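**Student:** Starting off with a structure, shown below.
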Amino acid sequence: MNNDILIEKIIALVDGELDATESSEILNIINQNPELQDEFNYHLKMKNVYGKIVEQPPAFLKSKILATSGLGFIFWKSKSFIISSISTAIVVATTVGYYFGINDNNVNTENKELANLNYNKVSSSIDLPNLQDIYVNEINNIQEYTNFNSYNINRLQNSNVNYNTKEESSENTNINSNNDLVSNFDTKIDSENQLVKSNIFNSTNSQNFELPKNKKYKLRKIYGNEEDFSSFYDKLNIDIRKSFANNNLDLNFQNPETNQFNISSISIYYEYSDNIDVGIEAGSESFAQKYQFVQNDLTIKYQQYFNAYYFGVSTKYYLPIEFNDRFRLYTKAFIGGNNLGPVTRGEIAVQFRLNNKWYLYTGGEISNLTYFHGGSTFNSTKSGLNVGMKYDIE
Amino acid sequence: MKIQFSNISDEELFSLLANSKKSVAKSAFEELYSRYSIILYNYCKKILSNENSSSDIFQETFLRVIEASKEGKVMTNFAGYVIRVARNLCLNEKDNIRNTMVYVEDFHLISNQKRDDKELNEIISIALDSLAFEYRESLILKEFLNFSYSEIAEMLDITLPVVRIRIHRAKEKLRKVLSPYSKEINFLLE
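In order, the protein sequence lines correspond to chains H and A. Per the numbering used here: the first sequence ends with 394, consecutive numbering throughout. Per the numbering used here: the second sequence ends with 1190, consecutive numbering throughout.
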């Protein structure tokens, strides 16, 4: 028996393909030859190597086969789930938007009394936030309001539009019915305002007005972010997002920080399935508000913004609609909070795959902050657009 | 009476895939899947050396099996059938994709790096890539999927001696390719 045939037999022996007689014959030959023993041991070792690298198929493949073949049912791919998700999102967004006054032209002339002062809200959507002990200082044309709560708030006031006499305030009430409050209000401020202005700030310097307890403002923001791996690490992706939103309140900051309503965020997502990502998100965002009220016979109007850091969990659902292999449409829901209260956010966006690692996306969103003050609960809603990028860790 | 699917033959399970009761068809599929998913997945993975493509072919194979059942195909050798379907799909796929070539000479291990089965898999996969298709396929069917020589001969429609020769040559070639990594392989086996 030549060497090649012997090795072939040894391999067949290791593979369990020889019958008893042949096995016994080959084993005898091997026992008398150290080189063949090494050969035998090598093939035994390699058998062990091959046995160690048999892989399990990813679990999601079974679900995909079942769903595609029609034998299985995956609730998040079912028509009813998709339709109900989209319908719910539309209903919620519409309700929230309507109720909290996404349209800033809705003028509310309701009079309220607070700290013995009357005030007129500019809009039902822009009540004041839960600030306390506001101190007012005048710096050139800007009145900077600072509060001493635990979080930082910058308040900017445009002096050209902020004060009116009481008579003007009355006019405003009339004007309100014509939905033209702001423009009329703005044009009635002149020399009298100087007087008014000095009065109010001279008399109240380092003193202050208690802000109305009932308040609102509008938020807006933007957000954003997807596929198949075998380990936890391989299923992670990082999402960086930036919003380019303007507050729906038609604010008029004369300040370079006007764009502070933008939001920056970073998220880490885990690919739970082909269609669902779950993750955590942290970032910084701004809120804005605008209001007017009457104090010391003056109507005061101002607008402000402040920043807050937020944190929460979010989930993305990729709609089973395929444009082509590069685009995917998804919806996203976020729930979390900042130091004022809980934040919720809904988003719909389209994602574009640049390569196997990088993705770009853009979409629209609506978010809501709920906060509490003086025993009351308030909401602030904003909406806008966002862009971002996603990086697959693999 | 509840059906014990685990006691049913592959061929009977295949026919049940077309059962009008969806729950029965689904259970039959799940039993076949539990028997053949690892075999098929590893076959596709080792043949194609591409995770995405092998996942696609893996799914497509099962879908074609279900379709064949619904079309009333009579099954005599399910294992052979399913491998042949996967084989044909893999051959088509190989024509379509451009494999990223990694030359064995360029693959270096870092001695202090923590190693695991995944790394061992990479070494073997790259070495398998260096084999001619017919040798690689026979070796995969034998070593990774545990088919006997006679089953391989039937699946590939070749004779038993040819199977032996192919496996022998495949192993010898693999041995040469892997010889620079014998220390690493021994280390990974510890």
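By construction, the Cβ of each residue, glycine as well, lies at the ideal position given by its N, Cα and C atoms. These figures come from a predicted structure and were not determined experimentally.
Measuring alpha carbon to alpha carbon, tell me which residue in H/LEU329, H/GLY312, H/LYS62 and H/TYR391 is nearest H/PRO342.
**Tutor:** The residue labelled residue 342 of chain H in the question sits at position 342 within the first sequence. If we check each option's Cα against that of H/PRO342, H/GLY312 comes out closest.
**Student:** Are H/GLN351 and H/TYR330 closer than 8 Å when you measure CB to CB?
**Tutor:** In the first sequence, the residue the question calls residue 351 of chain H occupies position 351. In the first sequence, the residue the question calls residue 330 of chain H occupies position 330. Going by C-beta atoms, H/GLN351 is nearer than 8 Å to H/TYR330.
**Student:** So, A/LEU1178 versus A/ILE1185, is the Cβ gap smaller than 8 Å?
**Tutor:** By one-based count along the second sequence, residue 1178 of chain A stands at place 178. By one-based count along the second sequence, residue 1185 of chain A stands at place 185. Taking 8 Å as the Cβ cut-off, A/LEU1178 and A/ILE1185 qualify as a contacting pair.
**Student:** Would you report the Cα separation of A/ARG1084 and H/LYS235, rounded to the nearest angstrom?
**Tutor:** Stepping through the second sequence from its first residue, residue 1084 of chain A is reached at position 84. Stepping through the first sequence from its first residue, residue 235 of chain H is reached at position 235. In a straight line, the C-alpha of A/ARG1084 is about 32 Å away from that of H/LYS235.
**Student:** Does A/TYR1081 get closer than 8 Å to chain H when you measure Cβ to Cβ?
**Tutor:** Residue numbering aside, residue 1081 of chain A sits at position 81 when the second sequence is read from its first letter. Closer than 8 Å: no.
**Student:** For H/PHE60, name the three-state secondary structure that DSSP assigns.
**Tutor:** The residue you call residue 60 of chain H lines up with position 60 of the first sequence. Helix.
**Student:** How would you call A/ILE1140, buried or exposed, if buried means at least 16 neighbouring beta carbons within 10 angstroms?
**Tutor:** Here the question's residue 1140 of chain A lines up with position 140 in the second sequence. By the neighbour-count rule (16 or more Cβ atoms within 10 Å), A/ILE1140 is buried.
**Student:** How big is the Cα-Cα spacing for H/THR315 and H/VAL278?
**Tutor:** For the purposes of this step, residue 315 of chain H is taken as the residue at position 315 of the first sequence. For the purposes of this step, residue 278 of chain H is taken as the residue at position 278 of the first sequence. The alpha-carbon atoms of H/THR315 and H/VAL278 are separated by roughly 4 Å.
**Student:** By the three-class DSSP mapping on this structure, what secondary structure does H/ALA349 have?
**Tutor:** In the first sequence, the residue the question calls residue 349 of chain H occupies position 349. H/ALA349: strand per DSSP, three-state reduction.
**Student:** How many angstroms separate the CA atom of H/LYS62 from the CA atom of A/ASP1129?
**Tutor:** Along the first sequence, one-based indexing puts residue 62 of chain H at 62. Along the second sequence, one-based indexing puts residue 1129 of chain A at 129. C-alpha separation (whole angstroms): 27 Å.
**Student:** Does H/GLU46 come out as helix, strand or coil in the three-state DSSP assignment?
**Tutor:** In the first sequence, the residue the question calls residue 46 of chain H occupies position 46. The displayed chain sequence assigns Met, not Glu, to residue 46 of chain H. H/MET46: helix per DSSP, three-state reduction.
**Student:** Step through the CB atoms of chain H and report whether any lies within less than 8 Å of the CB of A/ALA1018.
**Tutor:** Indexing the second sequence from 1 puts residue 1018 of chain A at position 18. For A/ALA1018, the answer is no, since every Cβ of chain H falls outside 8 Å of its Cβ.
**Student:** Got a sec: is the Cβ-Cβ distance from H/ALA12 to anything in chain A below 8 Å?
**Tutor:** Residue numbering aside, residue 12 of chain H sits at position 12 when the first sequence is read from its first letter. At least one chain A Cβ lies under 8 Å of H/ALA12.
**Student:** For H/ASP19, does the three-state DSSP call read helix, strand or coil?
**Tutor:** Taking the first sequence and counting its residues from 1, the one referred to as residue 19 of chain H is at position 19. It is coil, neither helix nor strand.
**Student:** Given that a residue counts as buried once 16 or more other Cβ atoms are within 10 Å of its Cβ, and exposed if not, what is H/LEU340?
**Tutor:** As a working note, residue 340 of chain H is residue 340 in the first sequence. Classification for H/LEU340: buried.
**Student:** What is the DSSP secondary structure of H/ASP273, reduced to helix, strand or coil?
**Tutor:** What you label residue 273 of chain H is simply residue 273 of the first sequence in a count that begins at 1. In the sequence under discussion, the amino acid at residue 273 of chain H is Ser, which differs from the Asp named in the question. DSSP places H/SER273 in coil when its eight states are reduced to three.
**Student:** Using three-state DSSP, classify H/ASN339 as helix, strand or coil.
**Tutor:** Looking up residue 339 of chain H in the first sequence gives position 339. Coil at H/ASN339, not helix or strand.
**Student:** What's the call for H/GLU281, buried or exposed, on a 16-neighbour Cβ count within 10 Å?
**Tutor:** Start at 1 with the first residue of the first sequence, and residue 281 of chain H comes out as number 281. Buried, by the Cβ-count rule.
**Student:** How about H/ASP239 and H/LYS390: are their beta carbons less than 8 Å apart?
**Tutor:** Sequence index remark: in the first sequence, residue 239 of chain H carries index 239 (1-based). Sequence index remark: in the first sequence, residue 390 of chain H carries index 390 (1-based). Cβ atoms of H/ASP239 and H/LYS390: closer than 8 Å.
**Student:** Between which two residues does the alpha helix (DSSP H) harbouring H/ILE238 extend?
**Tutor:** What you label residue 238 of chain H is simply residue 238 of the first sequence in a count that begins at 1. Looking at the DSSP string, H/ILE238 is not in any alpha helix (DSSP H); the run it does join, the beta strand (DSSP E), is 236 to 243.
**Student:** Who pairs with H/ASN368 in a beta bridge, going by DSSP?
**Tutor:** For the purposes of this step, residue 368 of chain H is taken as residue 368 along the first sequence, with counting starting at 1. DSSP output for H/ASN368 lists H/THR344 and H/THR381 as bridge partner(s).
**Student:** Tell me which residues share the same chain as A/ASP1010 and place their Cβ nearer than 6 Å to its Cβ, disregarding the 5 neighbours each side in the sequence.
**Tutor:** By one-based count along the second sequence, residue 1010 of chain A stands at place 10. PHE1078, listed in sequence order.
**Student:** Can you tell me which residues form a DSSP beta bridge with H/GLU281?
**Tutor:** Within the first sequence, numbered from 1, the residue matching residue 281 of chain H stands at position 281. Note: H/GLU281 sits in a beta bridge opposite H/SER267 and H/GLY312.
**Student:** If the cut is a Cβ gap below 9 Å, which residues of chain H does A/ARG1166 touch?
**Tutor:** Numbered from 1 along the second sequence, position 166 holds the residue referred to as residue 1166 of chain A. In chain order: nothing, as chain H lies at least about 11 Å away.
**Student:** Just checking: is the beta-carbon of H/SER69 within a distance shorter than 8 Å of some beta-carbon in chain A?
**Tutor:** Translated into the one-based positions of the first sequence, residue 69 of chain H becomes position 69. Yes, contact with chain A.
**Student:** So for A/VAL1177, helix, strand or coil by DSSP?
**Tutor:** Position 177 of the second sequence, counted from the first residue, corresponds to residue 1177 of chain A. A/VAL1177 falls in the helix class under three-state DSSP.
**Student:** Establish whether the CB of A/ALA1025 and some CB of chain H are separated by less than 8 Å.
**Tutor:** Position 25 of the second sequence, counting from 1, holds the residue named residue 1025 of chain A. Taking Cβ atoms only, chain H reaches closer than 8 Å to A/ALA1025, which makes this a yes.
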